[in-house]
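In my numbering, the protein residues as written are 2 to 408.
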């Protein structure tokens with residue numbers, strides 16, 4: 002393998018010297034040199050004359066860069082180019098406004114907090130704007146935002162108005178906003194029966210905790226997602242992944258993150274834990290496509306995905322029949338889509354010009370699903386939605402002919 006990687010590196014250096022950056026990127030990728038792949042795509046972006054091509058190349062570069070010293074300056078460059086593309090003649094066309102939150106995200110990644118805050122403020126996203134200004138220490142802007150938000154809050158003084166806000170937010174899947182509005186309503190009128198009933202319904206459907214199941218019928222796949230950094234495998238029912246085989250111990254194995262590294266730990270099991278067929282003593286580092294053996298029969302193939310906002314480890318039971326299960330442990334945000342860096346990867350969706358359809362994030366007690374601005378015709382339980390939703394048990398989400406059932 003080392004000899005092959007060295008050969009790829011030599012070929013990549015030759016192609017880079019010739020200015021064939023696309024070919025060089027492919028070869029550096031095969032050699033496992035992600036920073037060099039990012040550098041090649043950044044060079045392609047620098048050379049592109051059309052803004053759309055420049056943006057696409059910079060986005061690709063950002064997906065490969067892992068080091069902050071590379072990510073941050075490129076994110077700033079990408080945000081500037083995107084904003085230039087959106088604000089033609091200084092104006093933002095209504096059809097282009099949906100791209101501005103992504104620009105703010107790139108400014109935030111570049112730690113240009115004030116620029117990110119100004120965009121969020123422009124969009125009326127005051128909580129996000131406040132968070133950016135706080136990061137940048139812009140106290141005056143924070144106070145101005147608080148004043149504007151206070152003016153907005155005063156427009157909904159009655160309990161009934163808060164209840165109506167909650168109903169509207171709930172209908173478009175923004176259940177976090179609905180939850181807060183119901184709390185405000187009941188503070189003003191603790192006997193508001195409709196508000197109490199809706200709050201009880203929200204509490205009931207948001208009971209998934211830090212585990213969420215997603216069934217994708219067209220792909221005959223089921224994904225079990227864990228919004229925590231460590232999971233246990235064993236025979237006892239209180240394990241995160243339960244394996245009901247006699248040779249598996251009650252608490253057998255633990256898998257999780259140590260910063261950006263995935264580790265497997267044997268919990269003094271009777272039959273041991275194996276990594277690529279070799280029994281581990283206590284702990285071991287897990288790499289992409291490694292196979293973890295539990296006991297004598299159960300095996301999981303591990304797929305690792307990394308991107309600027311998260312890392313995930315997907316465990317696929319080998320030799321499984323019927324519905325294909327995947328257990329996914331992740332930190333930060335999890336990407337859903339057809340691209341290779343998506344942990345929840347869809348085979349029945351054609352490749353897109355953008356890196357993901359959705360970003361999923363667990364922020365107790367809510368599971369947030371952020372919708373990519375370019376993702377079209379997204380529906381939640383039959384109603385069009387955009388920006389983001391808070392998913393709940395029983396939800397049916399559709400996009401590009403694919404249905405996601407949340408359990």
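For each residue, glycine too, the CB sits at the ideal point set by N, CA and C.
According to the DSSP assignment, residue 133 belongs to no beta strand (DSSP E) but to the alpha helix (DSSP H) extending over 127 to 137. Along the length of the region 305 to 362, whole beta strand (DSSP E) runs at least 3 residues long occupy 311 to 318, 325 to 333 and 335 to 338, reported in chain order.
If you look at residue 397, you'll find it in the beta strand (DSSP E) that goes 397 to 400. In terms of Cα proximity to residue 382, the closest of 9, 352 and 394 is 394.
In the structure shown, residue 255 adopts extended strand secondary structure according to DSSP, grouped into three states. Contact between the region 322 to 332 and the region 71 to 82 is absent: fewer than 3 CB-CB pairs across the two stretches fall below 8 Å. For residue 383, the secondary structure class from DSSP, reduced to helix, strand or coil, is coil. Fewer than three beta-carbon pairs drawn from the region 340 to 354 and the region 237 to 248 are found closer than 8 Å, and the two stretches are therefore not classed as touching. In this structure, the CA atom of residue 289 is about 5 Å from the CA atom of residue 305. If you look at residue 85, you'll find it in the alpha helix (DSSP H) that goes 69 to 87.
Taking 8 Å as the upper bound for CB-CB distance, residue 401 and residue 216 are not in contact here, some 17 Å apart. Under the 8 Å Cβ criterion, the region 21 to 38 does not count as touching the region 266 to 281, having fewer than three qualifying pairs. The alpha helix (DSSP H) runs lying completely inside the region 167 to 227 and spanning 4 residues or more are 176 to 189 and 194 to 206, given in chain order. When 41, 8, 202 and 6 are compared, the shortest CA-CA separation from residue 18 is found for 41.
The beta-bridge partner set that DSSP reports for residue 234 consists of 242 and 254. Here the C-alpha atom of residue 386 lies approximately 31 Å from the C-alpha atom of residue 142. In this chain, the alpha helix (DSSP H) harbouring residue 48 covers 35 to 48. If you look at residue 104, you'll find it in the alpha helix (DSSP H) that goes 101 to 110. Exclusion of the five residues before and after residue 371 leaves 360 and 389 as the residues of its chain whose Cβ lies within less than 6 Å of its Cβ. Between the alpha carbons of residue 13 and residue 35 lies a gap of roughly 12 Å.
Residues of the same chain with a CB within less than 8 Å of the CB of residue 187, apart from the 5 flanking positions on each side, are 160, 193, 196, 197 and 200 in chain order. With a 10 Å radius around the Cβ and a threshold of 16 neighbouring Cβ atoms, residue 253 comes out buried. Out of 59, 99 and 33, the CA that lies nearest to the CA of residue 45 is found in 59.
As computed with DSSP, residue 262 is found in a beta bridge with 259.
A distance below 7 Å between beta-carbons, with the five flanking residues on each side excluded, links residue 357 to the following residues of its chain, in chain order: 336, 337, 338, 340, 343 and 373.
DSSP places residue 22 within a helical segment (H, G or I) once states are collapsed to three. As computed with DSSP, residue 302 is found in a beta bridge with 292 and 317. Between residue 297 and residue 266, the C-beta spacing is not below 8 Å. The residues 32, in chain order, have a CB closer than 6 Å to that of residue 10 in the same chain once the five nearest residues on each side in sequence are set aside. In this chain, residue 377 is not harboured by any beta strand (DSSP E), its DSSP state being neither H nor E. Short of 7 Å from the beta carbon of residue 396, and not among the five residues preceding or following it, lie these beta carbons of its own chain, in chain order: 381, 382 and 407. For residue 406, the three-state secondary structure derived from DSSP is strand. No residue range can be given for residue 66, since it is assigned to no alpha helix (DSSP H) and is classified by DSSP as neither H nor E.
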